[in-house]
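As structure tokens, the structure follows; a few thoughts come after it.
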Amino acid sequence: MNYDRPELLDRLAAEYVFGTMSARVRRRFQAIQRALPAAQHAVQAWEQRLTPLARSVPPVQPSTAAWDAIDRRTGGRALRPVAPASTWLAWLKPVLGVAFGAVATLGLVRLYPTAVVPVDVIVQQRGTLPESYVGLLTDAANNPVVLASSTRHGRTLSIKMLRKVEVPAGKVLQLWALPVEGAAFPLGVVPSEGKGSFQMADTSEKLLFSVPRLAVSIEDAAARPGGTPAPFLLTGNCVKLW
Amino acid sequence: MPAANIASPDLQQLLARVALGDRVAFRQLYDATAPSLFGVALRIVRQRDRAEEVLQDAFINAWNRAAGYQAALSQPMTWLTAIVRNRALDELRSGARHRTEFLEDREGGAAPDIEDERADPLGLLEQAADALAIRDCLDAIDGSQRQCLALVYYHGLSHSEVAGHIGSPIGSVKVWLRRGLDKLKRCLERMA
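Quick mapping for you: the protein sequence lines, in order, are chains A and B.
Here the first sequence is numbered in the working numbering, starting from 5 and rising by one per residue.
Here the second sequence is numbered in the working numbering, starting from 62 and rising by one per residue.
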């Protein structure tokens, strides 16, 4: 399709903003918007035009839990010890235990390039774990299966498989990042059991800053950027550990 | 929504402070805009828990992207509404499981979490047209086209869902929507 034609972009932007596109076409057009400023501008123009129509929708008060979740997820109270026990904290407790080793180990070299200091010393000195991104993926029965962790400015993603995943011969377990906006993008291939690590295309901070969820699918081969994932086998939260 | 118009200079200030990581401003922005935005999300995804997820994701997105907000390009409410609508449409279109629930809802299965006034998207379109002083222009659009536009914009129905809803072939719905959108664009541009 020739996206240089302004009238075509305008038509696609109208359908995108108005809402008639299917999930697949929406994802494709979101990718085009990222690549093509003209598409972005066409979408913005339609958003300007159509948004006034939303003003007639009667307001509805969301529950107080909605703000609490937003506050937590933007780092407001997330790690304050005084925070009341929440599902997030309940989730975090076992993760902290397991994450401790993985995060700290791979974080050390980058955070303290001159010396490899034992983790407990760092924790004593700093009082906290290193700034990291941590993901815990669970299966359909909510069993924890994959622990993924990386220091905030590192490129290495460490993987610990908390239980073995059966992978058909010749297939791979592909880890995906699910950003707040836009399509899932591949991070790398994880082992079916044990521990592993791989280099990401960029630092965690760049890749995972707006990624609240991770997922794993079974693929024929390592996924390429822009690829569409097979159905997800495992999914989970990705959080900032700072 | 006159309140948002009156408050929009404040919203710009709040957004500027949010861009600097000001959590108090973030909370104020949320209090000022969340009910309107939640109303928009709830109409599209229909269920409170899904609409709250959409609202959460949208505000987290706004927090992360506030530094990139350009006041010259769009009003804060336009910017925020676009984020919420995009997220809600992604959520609505995001899978067969959800779609099944959605269709079951429509056929009287699980109760939707929203009152009966939702049944009148055309009424909303007409109210919006009145508020924007483009009612004459809207009324000049063919009735079927208006109906399709309202069902898609306010409730996020797909082509085939609109076709099922109004009992017309999908081909006609596509044509009506395309023509209706062209006419609506002219109405809204005339207003601008």
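Don't be surprised by glycine CBs; every beta carbon is placed ideally from N, CA and C.
None of these values were measured; they are calculated from a predicted model.
Inset, instruction - Can you give me the Cβ contacts of PRO63 (chain B) inside the same chain, cut-off strictly under 7 Å, excluding the 5 residues immediately before and after it? - result: Only weak support exists for where PRO63 (chain B) lies, its pLDDT of 40 falling under 50; the coordinates are left without a value.
Legend entry - Minimum Cβ-Cβ distance from TRP180 (chain A) to chain B less than 8 Å: no
Legend entry - Which listed residue (B:CYS198, B:ARG207, B:ASP200, B:ASP191) has its alpha carbon closest to that of LEU183 (chain B): B:ARG207
Inset, instruction - Verify the CB distance criterion: does LEU211 (chain A) have a CB-CB separation below 8 Å to chain B? - result: no
Inset, instruction - Starting from VAL23 (chain A), find everything on chain B with Cβ-Cβ shorter than 7 Å and list it in chain order. - result: Reading the sequence as shown, one finds Gly at residue 23 (chain A) and not Val. Ordered by position in chain B, the residues that pass the 7 Å Cβ test against GLY23 (chain A) are LEU150, VAL213, TYR214, GLY217.
Inset, instruction - Compare the Cα-Cα distances from GLU114 (chain B) to each of A:GLN34, A:GLY198, A:PRO216, A:VAL150 and report the closest residue. - result: A:PRO216
Inset, instruction - Compare the C-beta of HIS220 (chain B) with all C-beta atoms of chain A and state if any pair is closer than 8 Å. - result: yes
Legend entry - Close-in-space but distant-in-sequence residues of the same chain around CYS198 (chain B) (CB under 6 Å, 5 per side omitted): CYS248
Inset, instruction - Taking 8 Å as the cut-off, decide whether the C-beta atoms of VAL193 (chain A) and VAL150 (chain A) are in contact. - result: no
Inset, instruction - Would you please verify whether the beta carbon of ALA188 (chain A) is less than 8 Å from any beta carbon of chain B? - result: no
Inset, instruction - State the Cα-Cα distance for the pair TYR137 (chain A) and LYS244 (chain A), rounded to the nearest angstrom. - result: 5 Å
Legend entry - Residue-chain proximity (GLY174 (chain A), chain B), Cβ-Cβ < 8 Å: no
Inset, instruction - Answer yes or no: do LEU193 (chain B) and MET252 (chain B) have a C-beta to C-beta separation smaller than 8 Å? - result: yes
Inset, instruction - Name, in chain order, the residues that DSSP records as bridge partners for PHE236 (chain A). - result: A:SER221
Legend entry - Segment limits, beta strand (DSSP E) that includes VAL154 (chain A): Sequence inspection shows Ser at residue 154 (chain A); the Val mentioned does not correspond to that position. Residues 148 to 155.
Inset, instruction - Would you decide whether LEU179 (chain A) is buried or exposed? Buried here means 16 or more other CB atoms lie within 10 Å of its CB. - result: buried
Inset, instruction - List the endpoints of the continuous alpha helix (DSSP H) containing GLY230 (chain A). - result: It is not in any alpha helix (DSSP H) - GLY230 (chain A) carries neither H nor E in the DSSP assignment.
Legend entry - Buried versus exposed, by CB contacts within 10 Å (16 or more), LYS164 (chain A): buried
Inset, instruction - Classify ILE202 (chain B) as helix, strand or coil using the three-state DSSP reduction. - result: coil
Inset, instruction - For LEU103 (chain B), count neighbouring Cβ atoms within 10 angstroms of its own Cβ and tell me buried if that reaches 16, exposed if not. - result: buried
Legend entry - Neighbour flag for VAL101 (chain B) against chain A, beta carbons, 8 Å: yes
Legend entry - ASP243 (chain B), buried or exposed, once every other Cβ within 10 Å from all chains shown has been counted against 16: exposed
Legend entry - beta strand (DSSP E) segment containing ILE195 (chain B), residue limits: Looking at the DSSP string, ILE195 (chain B) is not in any beta strand (DSSP E), and its letter there is neither H nor E.
Inset, instruction - Mind checking which residues open and close the alpha helix (DSSP H) that includes THR160 (chain A)? - result: First-last for THR160 (chain A): 160 to 165, but that is the beta strand (DSSP E), not the alpha helix (DSSP H).
Inset, instruction - Return no unless some Cβ of chain A is closer than 8 Å to the Cβ of ILE202 (chain B). - result: no
Inset, instruction - Anything in chain D within Cβ reach of ALA70 (chain A), meaning under 8 Å, just list it in chain order. - result: The chain labelled as chain D is not found among the protein chains of the depicted structure, namely A and B.
Inset, instruction - Pull up the distance between the alpha-carbon of LYS168 (chain A) and that of ASP206 (chain A), whole angstroms please. - result: 28 Å
Inset, instruction - Check the Cβ-Cβ distances between ARG77 (chain A) and every residue of chain B, and say whether any is below 8 Å. - result: yes
Inset, instruction - Can you tell me the Cβ-Cβ gap for VAL29 (chain A) and TYR215 (chain B), rounded? I've got them flagged as a contact below 8 Å. - result: Not quite, the Cβ-Cβ distance comes to about 21 Å (not below 8 Å), so this is no contact.
Inset, instruction - Using 10 angstroms around the beta-carbon of SER50 (chain B), count the other beta-carbons present and answer buried if the total reaches 16, otherwise exposed. - result: Chain B is shown from 62 up to 253; residue 50 (chain B) falls before or after that span and cannot be answered.
Legend entry - Interface residues of chain B facing SER221 (chain A) [CB-CB closer than 8 Å]: Chain B residues near SER221 (chain A): none, gap ~14 Å exceeds 8 Å.
Legend entry - Sequence-distant residues of its chain with Cβ nearer than 7 Å to ARG289 (chain B) (five each side left out): The structure shown does not extend to residue 289 (chain B), since chain B is modelled only from 62 through 253, so no value can be given for it.
Legend entry - Contact list for ALA143 (chain B) against chain A, beta-carbon separation under 7 Å: GLU51, THR55
Legend entry - Segment limits, beta strand (DSSP E) that includes ALA173 (chain A): Per DSSP, ALA173 (chain A) belongs to no beta strand (DSSP E) and is neither H nor E.
Legend entry - Nearest neighbour of LEU211 (chain A), chosen from A:ALA181, A:ALA17, A:ASP224, A:ARG228 [CA to CA]: A:ALA181
Inset, instruction - Name the residue from A:LEU141, A:GLN52, A:VAL47 whose alpha carbon lies nearest to the alpha carbon of GLU250 (chain B). - result: A:GLN52
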